[in-house]
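Residues in the sequence shown are numbered consecutively from 3, following this note's numbering. Down below is the structure, laid out as structure tokens.
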Amino acid sequence: TADEGERLYVWDLTNPSSPVAQQPPGGRSGSTQSTYPKYATAVAWNNNVSYILAVSNCLGHTQIYDLRNKKVALTFESKNIDKAQSISWNPNKARQLAVCYAKGGEAEIWDLKQ
3 TADEGERLYV WDLTNPSSPV AQQPPGGRSG STQSTYPKYA TAVAWNNNVS
53 YILAVSNCLG HTQIYDLRNK KVALTFESKN IDKAQSISWN PNKARQLAVC
103 YAKGGEAEIW DLKQ
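Have a look at this one:
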């Protein structure tokens, strides 16, 4: 969910009667100051790896979160500095995703293994 302060929350619904908002993972290289990106425009769970979440924002940045280890696993940005409209993980390859951008409906395929 998102709030008026432009913060994104990931909820643990293991016990739906008492949901818990997970704190944003820490940044790379031991950074303690990290949050989910502001102005998130697209979010997608990895269907093959349930604790991996991709979040893109209006500046063309995408972050991959490892929620099990509570860290940012990877950050990348589009060569087109544009708002991401959607993200979709490849159902057959756990480390591939497509990010579609608003400008011209262009999409980029990212292989996170490389």
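Where a beta carbon is used, it is the ideal one built from N, C-alpha and C, also for glycine.
Cβ pair residue i, residue j closer than 8 Å
| i | j | result |
| --- | --- | --- |
| alanine 2 | valine 51 | No answer is possible for residue 2: the residues shown for the chain start at 3 and end at 116. |
| leucine 69 | valine 12 | yes |
| alanine 75 | serine 58 | no |
Local conformation of residue i per DSSP, three classes
| i | result |
| --- | --- |
| lysine 95 | coil |
| lysine 105 | helix |
| threonine 16 | coil |
| serine 80 | coil |
| lysine 115 | coil |
| lysine 72 | coil |
Anticipated Cβ contact below 8 Å, residue i with residue j, distance rounded
| i | j | result |
| --- | --- | --- |
| serine 88 | alanine 44 | 5 Å |
Cβ neighbours of residue i in the same chain (closer than 6 Å, five flanking residues each side left out)
| i | result |
| --- | --- |
| histidine 63 | Glu79 |
Contacts around residue i, its chain only, beta-carbon distance under 8 Å, and the 5 residues preceding and following it disregarded
| i | result |
| --- | --- |
| proline 93 | Asn49, Asn50 |
For a minimum of 4 consecutive residues, which ranges assigned as the alpha helix (DSSP H) are wholly contained in the stretch 36 to 67?
Here no run is fully enclosed.
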